[in-house]
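Counting with our numbering, you get residues 67 to 350 for the letters of the sequence shown. What follows is a set of notes on a single structure, which appears directly below.
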Amino acid sequence: MKIPIKKILVIIIILTSLFASACDSNQDKSIVVSIAPIKGLTEAIVGDSWQVYSLVPVGQNPEDYEPTIDDMMHLEDAQVVMHLALPAEEATLSKLQSNKPDKLLVNLSDLCAQQKEPIYITATQLDPHIWLSPKRALLLSESIRDTMVTLDANNAQLYRDNQAKLAVQLNQLDQAWESTVKELPRHAFVIYHPALSYLALDYGLEMISVEQHGKEPDVADLDRAIQDAKSHGIHTVFYQQEFPKEKAETIASEIDANIVPLSLLDEDYLNMMYQLLDIFEDSL
């Protein structure tokens, strides 16, 4: 039996509309987070049911990144913005809240600070580098889960199940750091930008930072870092790939050390932190 052409066309149009509607529905459900590692953790919890956007692209310095027009559109459209209260986010989020007073903004730094001892850069400003300690990444994942359960109660069990699976992996990562750090010959390290303060606090390490309080280091800062490095017998200077390496090279030349770039803003959080562990094991 021949099916009329008109009927076939109607079926095609209906199917296309349904497909487009499904796609639109998915695209309508969006989340914005500060940086790629938080994007990776969030996607592990929400799965494919939400579009997740990172405000700061990989390779950009989150300390001074300025959002693009596309970034602002994602922020306007998102059902929730989960941020770290980075200094560069302050003006953007303030403007967003003025334009969209009902927008759900979740300060992950504050939530983690309520559960585990925080570090302050100034009297009132929290150090935002919480993702760089596996112990605090677990707290982050719990805060993300709780946010999503509140926002989308119909899929609460999905978020709980996915976070539970992620928690197993994060606990394994935590144990790997605990056991490896115990065996390291030294526990002090030099880094240009103080991104690993929580890692140092949580695993009994000592961070010697060249940069202080987010300010460009002066001669006194460089001299202090050099003397501290010498006193600890340190032969490696770490720096983030997003930061200039010249200052790290200056210190390295003074203490006859190697400089080692660190990747601390990758989307694949677990892989990033295992790679960092390997670097510490080789360098300390």
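Glycine included, every Cβ here is placed at the ideal spot set by N, Cα and C.
Is Thr108 closer than 8 Å to Val99 when the C-beta atoms are compared?
-> Position 33 of the sequence shown, counting from 1, holds the residue named residue 99. Position 42 of the sequence shown, counting from 1, holds the residue named residue 108. Yes. Within cutoff.
For the alpha helix (DSSP H) containing Pro200, list its first residue and its last residue.
-> Looking up residue 200 in the sequence shown gives position 134. For Pro200, the enclosing alpha helix (DSSP H) begins and ends at 200–217.
Helix, strand or coil at Asn173 according to DSSP, with G and I counted as helix = Within the sequence shown, the letter at position 107 stands for residue 173. Three-state DSSP puts Asn173 in a strand.
Can the beta-carbon of Val146 be found less than 8 Å from the beta-carbon of Leu170?
-> As a position in the sequence shown, residue 146 is number 80, starting the count at 1. As a position in the sequence shown, residue 170 is number 104, starting the count at 1. Yes, Cβ-Cβ distance for Val146 and Leu170 is below 8 Å.
Could you spell out the range, first to last residue, of the alpha helix (DSSP H) harbouring Ala233?
-> Counted from its first residue, the sequence shown places residue 233 at position 167. First-last of the alpha helix (DSSP H) with Ala233: 222–249.
Going straight from the alpha carbon of Gln191 to that of Ala179, what length do you get?
-> Position 125 of the sequence shown, counted from the first residue, corresponds to residue 191. Position 113 of the sequence shown, counted from the first residue, corresponds to residue 179. The alpha-carbon atoms of Gln191 and Ala179 are separated by roughly 11 Å.
Mind reading off the beta-carbon distance from Ser351 to Tyr131? Whole number of angstroms is fine, and I expect it under 8 Å.
-> The first residue shown for the chain is 67 and the last is 350, placing residue 351 beyond what the model contains.
Among Pro310, Asp137, Met339, which residue has its Cα nearest to the Cα of Gln241?
-> Locating residue 241 in the sequence shown gives position 175, where the first residue counts as 1. The residue with the shortest Cα to Cα distance from Gln241 is Met339.
Boundaries (first-last residue) of the beta strand (DSSP E) holding Thr302 | The residue given as residue 302 occupies position 236 in the sequence shown. First-last of the beta strand (DSSP E) with Thr302: 302–306.
Hey, how far is the Cα of Glu244 from the Cα of Leu236?
-> By one-based count along the sequence shown, residue 244 stands at place 178. By one-based count along the sequence shown, residue 236 stands at place 170. Separation of Glu244 and Leu236 (C-alpha to C-alpha, rounded to the nearest whole angstrom) is 12 Å.
Please classify Asn165: does DSSP put it in a helix, a strand, or coil?
-> Taking the sequence shown and counting its residues from 1, the one referred to as residue 165 is at position 99. Of the three classes helix, strand and coil, the one that applies to Asn165 here is helix, per DSSP.
Per DSSP, which one or two residues make a beta bridge with Pro327?
-> Residue mapping note: residue 327 aligns to position 261 of the sequence shown, counting from 1. Paired residues: Tyr305.
Please state whether DSSP places Ser87 in a helix, a strand or coil.
-> Against the sequence shown, residue 87 aligns to sequence position 21. Confidence at Ser87 is low in this model, with a pLDDT of 42, below 50, so the placement of that residue should be treated as unreliable; the coordinate-derived value is given next. Ser87: helix per DSSP, three-state reduction.
What three-state label does DSSP hand Ala254 in the structure shown?
-> The count along the sequence shown starts at 1 and reaches residue 254 at position 188. In this structure, Ala254 counts as strand in the three-state DSSP scheme.
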